[in-house]
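S.K.: Have a look at this one before I ask anything.
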Amino acid sequence: MYLRVAGVVPESIVDGPGIRYTVFVQGCCHRCPGCHNPQTHPLDGGEKVAVEDLLKDIKGRKLLRGVTFSGGEPFLQPGPLAYLGRQVRQMGLTVITYTGFLFEDILGKSRKERDFRELLLVSHWLIDGPFVIQRRDWKLSYRGSSNQRIIDVPASLKERRTCILEPEKRLTG
-19 MYLRVAGVVP ESIVDGPGIR YTVFVQGCCH RCPGCHNPQT HPLDGGEKVA
31 VEDLLKDIKG RKLLRGVTFS GGEPFLQPGP LAYLGRQVRQ MGLTVITYTG
81 FLFEDILGKS RKERDFRELL LVSHWLIDGP FVIQRRDWKL SYRGSSNQRI
131 IDVPASLKER RTCILEPEKR LTG
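This is the structure in C-alpha cells:
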C-alpha cells in the first residue's frame, strides 16, 4: 500500500501537542490562497512512499506522542491513511488529521464511503476548514485562520454533535 507524499517531518512540535511525526500528503483540491504548503497541491507531485516504510520510521522514534496527517488534503488518500492511523493507534500514539473540508461534510460523505469513515474514525482530532487568508491569526494554536476548528472526533461521534476543543485541552490516546 502506497501514499503519495510531499514530505515528512519526523519530529514536529507545531502540528499538534507533543512531538509528532507529520506526514504531508501530496495533492489538494482546495488550493487556498495564501496556503502554507502550495507545493503539495499538484496531484501528481511528491513521491510514492510505502506505508510500511513510514510505519518502520515511526516505530523507531521513541519520543513521539502522535502522528499528524497534513497536506495537501488527507481525505484525497483516505484508505492508506486510515490503515496507517490504525497501526499508529495500536502503538499507543494519537492521530490528528488536517483537512480543508468541513467536519459535517466529511461525516455525510463517510456514510457512503468506507475509506472516509475509516480515516475519520482513526482521528482523535480533526482540524477542519480551508485556510482563509482574510481570517489569518498567528495567535491560534495548530490553525492558520480563525474559521478552522479543532474537533474532538470521538466525542463528536458519541454525542452526535460537533465538539470543538479549546487549544489548551490535552490530547490523550
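Residue 10 in the numbering used here is what sits at position 30 of the sequence shown, and the numbering runs on without skipping anything.
Where is the CB? At the ideal position from N, CA and C, for every residue including glycine.
Which runs of the beta strand (DSSP E) fall wholly inside the stretch 66 to 146 and span at least 3 residues, in chain order?
M.R.: Those beta strand (DSSP E) runs which fall completely within the stretch 66 to 146 and span 3+ residues are 74 to 78, 105 to 108, 129 to 132.
S.K.: For L35, tell me which candidate among P60, L56, T20, S50 has the shortest Cα-Cα distance.
M.R.: Residue P60 is the option with its Cα nearest to L35.
S.K.: For a test of the three-state rule: what should DSSP assign to P18, helix, strand or coil?
M.R.: DSSP places P18 in helix when its eight states are reduced to three.
S.K.: Looking at the unbroken alpha helix (DSSP H) that takes in P42, where does it start and where does it end?
M.R.: According to the sequence as given, residue 42 is Lys; it is not Pro. Per DSSP, K42 belongs to no alpha helix (DSSP H) and is neither H nor E.
S.K.: Please state whether DSSP places E32 in a helix, a strand or coil.
M.R.: E32: helix per DSSP, three-state reduction.
S.K.: Can you say whether R94 is buried or exposed, counting buried as having 16 or more other CB atoms within 10 angstroms of its CB?
M.R.: Exposed, because fewer than 16 other Cβ atoms sit within 10 Å of the Cβ of R94.
S.K.: Taking the alpha-carbon of R140 as reference, which of I113, F83, R(-16) has the nearest alpha-carbon?
M.R.: Per the Cα distances, F83.
S.K.: Starting from the C-beta of T77, find all residues in its chain whose C-beta is less than 7 Å away, skip the five residues before and the five after it, and write them out in chain order.
M.R.: The answer, listed in chain order, is F49, P54, L99, S103, L106.
S.K.: What three-state label does DSSP hand G59 in the structure shown?
M.R.: Note: G59 maps to helix in three-state DSSP.
S.K.: Smallest Cα separation from L43: which of V68, G(-2), E27, C9?
M.R.: Comparing Cα positions, the closest option is G(-2).
S.K.: Taking 7 Å as the cut-off, decide whether the C-beta atoms of G51 and V5 are in contact.
M.R.: Yes. Within cutoff.
S.K.: Cα separation between F96 and L56?
M.R.: The straight-line gap from Cα to Cα measures roughly 9 Å.
S.K.: May I have the straight-line CA-CA distance separating H10 from K119, to the nearest angstrom?
M.R.: Cα to Cα, H10 sits roughly 23 Å from K119.
S.K.: What separation, rounded to the nearest whole angstrom, lies between the Cα atoms of I144 and P58?
M.R.: So the two alpha carbons sit approximately 22 Å from each other.
S.K.: With burial defined as no fewer than 16 other Cβ atoms inside 10 Å of the residue's Cβ, what is the status of G72: buried or exposed?
M.R.: Exposed: under 16 other Cβ atoms inside 10 Å.
S.K.: According to DSSP, what are the bridge partners of R0?
M.R.: DSSP output for R0 lists S(-8), G46 as bridge partner(s).
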